[in-house]
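Peer 1:
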Amino acid sequence: QPKKLLAFAGSLRKDSLNRKLIAYVAKEAEAAGAEVTVLDLNDFPLPIFNEDIETEGMPAKVRELQSILARHDGLLISTPEYNGAVPALVKNTLDWLTRKQANGDSGIELIKGKVVGIVSASPGALGGLRSLLLLRDQLAKLSMWVAPAQFALGQADQAFDEQGALKDGNQVKQIKAVVQQVIDF
Ligand code: FNR
5 QPKKLLAFAG SLRKDSLNRK LIAYVAKEAE AAGAEVTVLD LNDFPLPIFN
55 EDIETEGMPA KVRELQSILA RHDGLLISTP EYNGAVPALV KNTLDWLTRK
105 QANGDSGIEL IKGKVVGIVS ASPGALGGLR SLLLLRDQLA KLSMWVAPAQ
155 FALGQADQAF DEQGALKDGN QVKQIKAVVQ QVIDF
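Numbering (the UniProt record's numbering), first residue to last: 5 to 189.
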């Protein structure tokens, strides 16, 4: 049975470098035998988390995201780095996911034990490495199995060819390593 992976970029913008990177990672994961669903978080416009919203009734989009996640074995995330940290979009999405599911269980039960591969992209030299380290820590706190391999794409604005593939073979190798660890887990 192929592993089912849910992939998303932590950026909403059309020309997002992380959107490009997650599309490439998804392709590599499919080539390695996984079934990948790539989500556009623009399709899940969740409000900034506020417990009052929950009290009034869980947003339908949260429920939808939780039920999509339930049908997958793991995640692939490409995160930008904002001011040395994970963007609010990524944190907010994760926070909503951890909240109560339709069946009454906490969302943490849904996330716990799933495998996740993390990458980042930035036009800067470090490729968003600092946000990657914080994301790893955050996901581990949710009891996810974070693949030991990770990949930060520096100078990401120059890294892709016209077909959206990474030009540097060494970078391709690093992506394959992340994907393979996620699938093998
Ligand atoms: C950035 N950017 C950035 N880059 C980086 O490498 N380290 C950083 O700390 C920051 N900080 C930062 C803060 C804010 C508020 C913004 C908007 C941007 C630049 C960032 O890497 C660049 O805009 C990327 O292109 C964002 O990712 P997407 O949207 O291309 O996926």
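Beta carbons: idealized from backbone N, C-alpha and C, even for Gly.
Predicted model only: the values in this text are computed from it and were never measured.
Classify residue 3 as helix, strand or coil using the three-state DSSP reduction.
Peer 2: No information on residue 3 is available, as it lies outside the stretch 5 to 189 that the chain covers here.
Peer 1: Do three or more CB pairs link the stretch 97-117 to the stretch 154-169 at distances below 8 Å?
Peer 2: Cβ pair count under 8 Å is below three, so no.
Peer 1: Name, in chain order, the residues that DSSP records as bridge partners for residue 8.
Peer 2: Locating residue 8 in the sequence shown gives position 4, counting from the first residue. Looking at the DSSP assignment, residue 8 forms a beta bridge with 39.
Peer 1: Taking Cβ to Cβ, would you say residue 124 is nearer than 7 Å to residue 131?
Peer 2: By 1-based counting over the sequence shown, the position of residue 124 is 120. By 1-based counting over the sequence shown, the position of residue 131 is 127. Yes, these two residues count as a Cβ contact at 7 Å.
Peer 1: Tell me whether residue 130 sits in a helix, a strand or coil according to DSSP, three-state version.
Peer 2: If you number the sequence shown from 1, residue 130 lands on position 126. Coil.
Peer 1: Residue 9 and residue 78: beta carbons closer than 7 Å?
Peer 2: For the purposes of this step, residue 9 is taken as the residue at position 5 of the sequence shown. For the purposes of this step, residue 78 is taken as the residue at position 74 of the sequence shown. A contact, by the Cβ cut-off of 7 Å.
Peer 1: Please confirm whether any heavy atom of the ligand FNR lies closer than 6 Å to the CB of residue 86.
Peer 2: Here the question's residue 86 lines up with position 82 in the sequence shown. At least one heavy atom of the ligand FNR is nearer than 6 Å to the Cβ of residue 86, so yes.
Peer 1: Out of 11, 62 and 173, which has the shortest C-alpha to C-alpha gap to residue 121?
Peer 2: Taking the first residue of the sequence shown as 1, we reach residue 121 at position 117. Taking only the C-alpha atoms, the option nearest residue 121 is 11.
Peer 1: What residues are listed by DSSP as bridge partners for residue 150?
Peer 2: The residue given as residue 150 occupies position 146 in the sequence shown. According to DSSP, which records beta bridges pairwise, residue 150 is partnered with 120.
Peer 1: With distances taken from CA atoms, which of 37, 18 and 177 is nearest residue 5?
Peer 2: Residue numbering aside, residue 5 sits at position 1 when the sequence shown is read from its first letter. Closest by alpha carbon: 37.
Peer 1: Distance cutoff 7 Å, beta carbons only. Does residue 150 sit that close to anything in chain B?
Peer 2: Of the chains in the structure shown, none is chain B; there is only one protein chain.
Peer 1: With a threshold of 7 Å on Cβ separation, who are the neighbours of residue 144 within its own chain once the five nearest residues in sequence on each side are excluded?
Peer 2: What you label residue 144 is simply residue 140 of the sequence shown in a count that begins at 1. For residue 144, where only same-chain residues beyond five positions count, the Cβ hits under 7 Å are 150.
Peer 1: Any chance the CB of residue 46 is under 6 Å from a heavy atom of the ligand FNR?
Peer 2: What you label residue 46 is simply residue 42 of the sequence shown in a count that begins at 1. No - the ligand FNR has no heavy atom lying nearer than 6 Å to the Cβ of residue 46.
Peer 1: Hey, out of 97, 16 and 80, whose CA is closest to residue 179's CA?
Peer 2: Here residue 179 refers to the residue found at position 175 when the sequence shown is read from its first residue. Selected option, being the one with the closest Cα: 80.
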